[in-house]
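Participant: Below you will find the structure I want to go over with you.
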Amino acid sequence: MPRRRFTSVLLLLSLLAAVCAPALARVPTDEEIDRLLAASRAQSMLAAIQPQVEAMQREQFAQLTQGKTLTPQQQAEIQQIQARTSEIVRQSLAWEQMRPVYLDVYRKTFDDDDVKAMTKFYESKAGQRLLDRTPTMMQSLMVGIQQKMIPQLEALQAEVKTVSAEPLPAPPVSPPEERRKPATTSSTRKKATSSSKKSSTKSSTKKSSSSKSSTGKSGSTKASTTKKATTSKTPTKKTTTTKKAS
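Going letter by letter, the sequence shown gives residues -25 to -1, 1 to 221 in mature numbering (1 follows the signal peptide of the UniProt record, and there is no 0).
Set out below in structure tokens:
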């Protein structure tokens, strides 16, 4: 029984140690980080970055003024702005300004053991050799990357030229019947319905008026025939009376 308790206690302690190990890691001091920065030549690398940043700024100014005709006064103002920009870059990237940034980043990223191990490596012959040969190594890597990528990029450019040289497909042509048929909407349908109703009412009105006129004409015809009949009968009566008198 005591052995089981002892074993469980050991397991619990080992778990606690594994959980608390990151929290118990000691934060490196500024002196230790400074030693690592000195061994890794961080200050000289930062100084090498400044001309590159200034060159990028000059290219941006050249792009902004490209194709524009500037007066001598405008050119002088742009040169003044460019000079102030270069001065701001130099002041911002000065080691006195960037050292606190390095200390804060290294302190948050690495613990004391990491800093000591990296310092030991960079202070060794292998570490110094790595720092000496890193620029040449990076140039060789860039050449190798270009040699690897250029044939593929050329093949892609040739494919793009082939696609751009091909004629574009003609747009689809709808059949004549479909082109002649206008697109009927609800509003046009309503207008067609109302116009048909109006035409039907007009036609019915015309029919009624024509029927009335025909009725009037027939009545007048009957009256005229009646009058003619009466007039034709009257003289015959007169002739008969005259015969009797004789």
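C-beta atoms are modelled at their ideal positions from N, C-alpha and C, and glycine is treated no differently.
Between the beta-carbon of V2 and the beta-carbon of R74, is there less than 8 Å?
Facilitator: Residue mapping note: residue 2 aligns to position 27 of the sequence shown, counting from 1. Residue mapping note: residue 74 aligns to position 99 of the sequence shown, counting from 1. No, Cβ-Cβ distance for V2 and R74 is not below 8 Å.
Participant: Are the Cβ atoms of V118 and E7 separated by less than 8 Å?
Facilitator: If you number the sequence shown from 1, residue 118 lands on position 143. If you number the sequence shown from 1, residue 7 lands on position 32. Cβ atoms of V118 and E7: not closer than 8 Å.
Participant: Between R16, D86, T4, which has its C-alpha nearest R104's C-alpha?
Facilitator: Residue 104 sits at position 129 when you count from the first residue of the sequence shown. For R104, the nearest C-alpha among the options comes from R16.
Participant: What's the C-alpha gap between P126 and T84?
Facilitator: One-based indexing of the sequence shown puts residue 126 at position 151. One-based indexing of the sequence shown puts residue 84 at position 109. P126 and T84: Cα-Cα distance of roughly 40 Å.
Participant: Does the beta-carbon distance from Q25 to V80 come in below 8 Å?
Facilitator: As a working note, residue 25 is residue 50 in the sequence shown. As a working note, residue 80 is residue 105 in the sequence shown. Cβ distance not < 8 Å, so Q25 and V80 don't count as in contact.
Participant: If you follow the alpha helix (DSSP H) that Q48 is part of, which residue opens it and which one closes it?
Facilitator: Residue 48 sits at position 73 when you count from the first residue of the sequence shown. It spans 47 to 67 - the alpha helix (DSSP H) in which Q48 sits, taken as one unbroken run.
Participant: Please state whether the Cβ-Cβ distance between T94 and L11 is less than 8 Å.
Facilitator: Locating residue 94 in the sequence shown gives position 119, counting from the first residue. Locating residue 11 in the sequence shown gives position 36, counting from the first residue. The answer is yes: Cβ separation under 8 Å.
Participant: Taking the straight line between their C-alpha atoms, what separation do you get for A37 and Q121?
Facilitator: Within the sequence shown, residue 37 is the residue found at index 62, counting from 1. Within the sequence shown, residue 121 is the residue found at index 146, counting from 1. Looking at the two C-alpha atoms, the distance is approximately 27 Å.
Participant: My output table needs one value for V2: the three-state DSSP class, helix, strand or coil.
Facilitator: Counted from its first residue, the sequence shown places residue 2 at position 27. DSSP places V2 in coil when its eight states are reduced to three.
Participant: Mind checking whether T40 and I56 have CB atoms under 8 Å apart?
Facilitator: Sequence index remark: in the sequence shown, residue 40 carries index 65 (1-based). Sequence index remark: in the sequence shown, residue 56 carries index 81 (1-based). No, the Cβ-Cβ distance between T40 and I56 is not below 8 Å.
Participant: I'd like the span of the alpha helix (DSSP H) that includes Q72, first residue to last.
Facilitator: Here residue 72 refers to the residue found at position 97 when the sequence shown is read from its first residue. Per DSSP, Q72 belongs to the alpha helix (DSSP H) from 70 to 84.
Participant: Mapping DSSP to helix, strand and coil, what is T40?
Facilitator: Here the question's residue 40 lines up with position 65 in the sequence shown. Correct three-state label for T40: coil.
Participant: Please identify the residue among Q72, D5, A13, V135 whose C-alpha is closest to the C-alpha of G102.
Facilitator: If you number the sequence shown from 1, residue 102 lands on position 127. Nearest C-alpha to G102: A13.
Participant: Excluding the 5 residues flanking L78 on each side, which residues of the same chain have their C-beta closer than 7 Å to its C-beta?
Facilitator: The residue labelled residue 78 in the question sits at position 103 within the sequence shown. Excluding sequence neighbours, L78 sits near D5, I8.
Participant: Give the secondary structure of S19 by DSSP, where H, G and I count as helix, E and B as strand, and everything else as coil.
Facilitator: Here the question's residue 19 lines up with position 44 in the sequence shown. S19: helix per DSSP, three-state reduction.
Participant: At the level of alpha carbons, what is the spacing between M113 and D107?
Facilitator: Taking the sequence shown and counting its residues from 1, the one referred to as residue 113 is at position 138. Taking the sequence shown and counting its residues from 1, the one referred to as residue 107 is at position 132. Going from the Cα of M113 to the Cα of D107 covers about 11 Å.
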